[in-house]
Amino acid sequence: DDFTSDIYAEALRLARVTTYTAPPGAMAQVERPDIQIPAFQFVRPKRAIDRVFIHCTASSRPEHDNIDTIRSWHLDRGWSDIGYHFMIHRNGKISTGRDIEQTPAAQRGHNTGTIAVTLHGGQYGQDDFSPEQRQALIEFCDAIDNAYDSRVTFHGHEEVANKACPVLDYRTLLNLGPK
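Okay, so the sequence shown: first residue is 1226 according to my numbering, each after it adds one.
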């Protein structure tokens, strides 16, 4: 409807300023009008960013669909915090992980100048992500792209590691074209 289109247009305009706060009760809608994802505020960090890496947790167990579980896995590996800046849950909500001003610990040898986003799922290399997660990824990457005037690039972890991660076809989902 016109109201939703107006909210989305305003969100895109404001995202170019680096921060977008949705009006109370607003829902982001783009590709599928039947899926509504609560708007998420992206704040551009002060550190230089030129790439965004997309990951999966490689676990589809419902009890692992929380930021604290992933953080504990990373702390158990001896890391100082969770490696990712953001996590997209099955319901499409986005949680913050590592401080956005800190370099992630997510793509060995390729962490500087990046933002790391993970989606819950991908166990056994299966693309089992929910429609809500896909919609949230589209919206969130669009907000990041707008905050950087389309000067960032988007990549899957698989591009810099010998892993099938994030296991979803993120290039098609985000309209990135061929590698």
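Positions of the beta carbon are idealized from the N, C-alpha and C atoms, including for glycine.
Only a predicted model underlies this, so the values are computations on that prediction, with no experimental measurement involved.
Original post:
In or out: residue 1290 buried (at least 16 other Cβ within 10 Å) or exposed?
Top reply: As a position in the sequence shown, residue 1290 is number 65, starting the count at 1. That one is buried.
Subject >> Closest by C-alpha distance to residue 1277, when choosing among 1299, 1380 and 1288 >> reply: As a working note, residue 1277 is residue 52 in the sequence shown. Looking at the Cα atoms, 1380 is the closest of the given residues.
Original post:
Pairing CB atoms from the stretch 1319–1329 with CB atoms from the stretch 1266–1285, are three or more of them under 8 Å?
Top reply: yes
**OP:** Kindly identify the DSSP beta-bridge partner or partners of residue 1276.
**Re:** As a working note, residue 1276 is residue 51 in the sequence shown. Beta-bridge pairing links residue 1276 to 1339 and 1378.
Original post:
When you compare each of 1319, 1308, 1353 and 1318 to residue 1331 by their alpha carbons, which one comes out closest?
Top reply: Here residue 1331 corresponds to residue number 106 of the sequence shown, with the count starting at 1. With distances taken between Cα atoms, residue 1331 lies closest to 1308.
Original post:
Does the separation of the CB atoms of residue 1345 and residue 1315 fall below 9 Å?
Top reply: Working through the sequence shown from its first residue, we reach residue 1345 at position 120. Working through the sequence shown from its first residue, we reach residue 1315 at position 90. Yes; because the gap between Cβ atoms is below 9 Å, this pair is in contact.
Subject >> Cβ-based neighbour list, residue 1361, same chain, cut-off 7 Å, excluding 5 preceding and 5 following >> reply: Counting from 1 along the sequence shown, the entry for residue 1361 is found at position 136. So the list reads 1262, 1313, 1317 and 1319, once near-sequence residues are dropped.
**OP:** Determine the burial state of residue 1268: buried for a count of at least 16 other Cβ atoms within 10 Å of its Cβ, exposed for fewer.
**Re:** If you number the sequence shown from 1, residue 1268 lands on position 43. Residue 1268 should be labelled exposed.
Original post:
CB-CB under 7 Å to residue 1369, same chain, minus the five flanking residues each way: which ones, in chain order?
Top reply: Counting from 1 along the sequence shown, the entry for residue 1369 is found at position 144. Excluding sequence neighbours, residue 1369 sits near 1267, 1277, 1340 and 1377.
Original post:
Under the three-state reduction of DSSP, which class applies to residue 1328: helix, strand or coil?
Top reply: By one-based count along the sequence shown, residue 1328 stands at place 103. In the structure shown, residue 1328 sits in coil (DSSP, three-state: anything other than H, G, I, E or B).
**OP:** Check the C-beta distance from residue 1280 over to residue 1342 and give it rounded, since I have them as a contact under 8 Å.
**Re:** Here residue 1280 refers to the residue found at position 55 of the sequence shown. Here residue 1342 refers to the residue found at position 117 of the sequence shown. Rounded, the Cβ-Cβ distance is 7 Å, consistent with contact.
**OP:** Could you tell me the distance, in whole angstroms, from the CA atom of residue 1337 to the CA atom of residue 1297?
**Re:** As a first step, residue 1337 is located in the sequence shown; it is residue number 112 there, counting from the start. As a first step, residue 1297 is located in the sequence shown; it is residue number 72 there, counting from the start. If you take the alpha carbons of residue 1337 and residue 1297, they lie about 23 Å apart.
Original post:
Going along the chain, which residues of its own chain have a beta-carbon closer than 8 Å to the beta-carbon of residue 1373, five neighbours each way excluded?
Top reply: Taking the sequence shown and counting its residues from 1, one reaches residue 1373 at position 148. Within the same chain, residue 1373 has close Cβ partners 1269 and 1274.
Subject >> Member of 1400, 1321, 1347 and 1398 whose CA lies at the smallest distance from the CA of residue 1389 >> reply: Position 164 of the sequence shown holds residue 1389. The option with the nearest alpha carbon to residue 1389 is 1347.
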